Amino acid sequence: MAKRILVPIERAKDMEFALRMAGMIVRESGGVVRLLAVIPIPKPIYDSRHWLVVSTDQQMERLATAAAERLKRIAALDLDGVPVETSVVFGDRAVEIGLEAECFDADLVVMPWAPRPGPAARMRLMARRLLAGRRAPQFDVLSVSALRAEPTR
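Each position in the sequence shown, counted from 1, maps to that position plus 4 in this note's numbering.
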């Protein structure tokens with residue numbers, strides 16, 4: 005049974021279902037969930053005279069604070085009663101998810117199912133390329149999707 009579950013947070017309609025699945029698994033196994041927010045590294049903002057208005061460091065601090073608060077709200081709303089850790093990192097989503105899973109020693113990565121090539125599919129492809137030639141990863145990826153009834157006509 006999975007004891008250490010990593011859940012990369014993204015803006016997907018099935019994210020709530022993925023969180024419920026992770027919570028259910030952790031409640032049964034007695035493990036812990038780590039919510040992960042991966043943010044692309046922002047570029048500095050310059051004015052029309054090419055003077056620095058907002059540095060990359062300032063933007064990263066603002067984005068990290070906002071993401072950490074969002075992860076705390078998600079943990080309180082969707083994972084009540086489950087041990088939750090949070091992590092905010094900057095960089096390429098696929099690379100950072102793979103690194104976080106390895107560092108966290110995750111047994112399972114739970115993310116929304118992508119029916120067409122989307123971020124999750126690209127992440128898996130890039131992770132396979134990055135891990136090629138290395139020892140096989142010791143975590144599984146569970147892509148979940150809520151079941152929806154087809155509209156009747």
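Each residue gets a CB set at the ideal place from its N, CA and C atoms; glycine is no exception.
Nothing here was measured: the structure is a model prediction, and the numbers come from that model.
- request: Consult DSSP for residue 89 and reduce its assignment to one of helix, strand or coil.
  value: DSSP places residue 89 in strand when its eight states are reduced to three.
query: Would you call residue 77 buried or exposed, if buried means 16 or more other Cβ atoms sit within 10 Å of its Cβ?
result: Its Cβ having fewer than 16 others within 10 Å, residue 77 is exposed.
CB-CB length for residue 22 against residue 115, believed under 8 Å: Separation of the CB atoms of residue 22 and residue 115 is rounded to 6 Å, and the pair is thereby assigned contact status at 8 Å.
- request: Report all residues from its chain with a CB closer than 6 Å to the CB of residue 93; omit the five preceding and five following residues, and keep chain order.
  value: For residue 93, the CB contacts under 6 Å within the same chain, skipping 5 residues up- and downstream, are 42 and 100 in chain order.
Three-way DSSP call (helix, strand, coil) for residue 41 in this model: In this structure, residue 41 counts as strand in the three-state DSSP scheme.
query: Nearest-angstrom Cα distance between residue 159 and residue 69?
result: The chain is shown only over 5 to 157; residue 159 falls outside these bounds and no answer can be derived.
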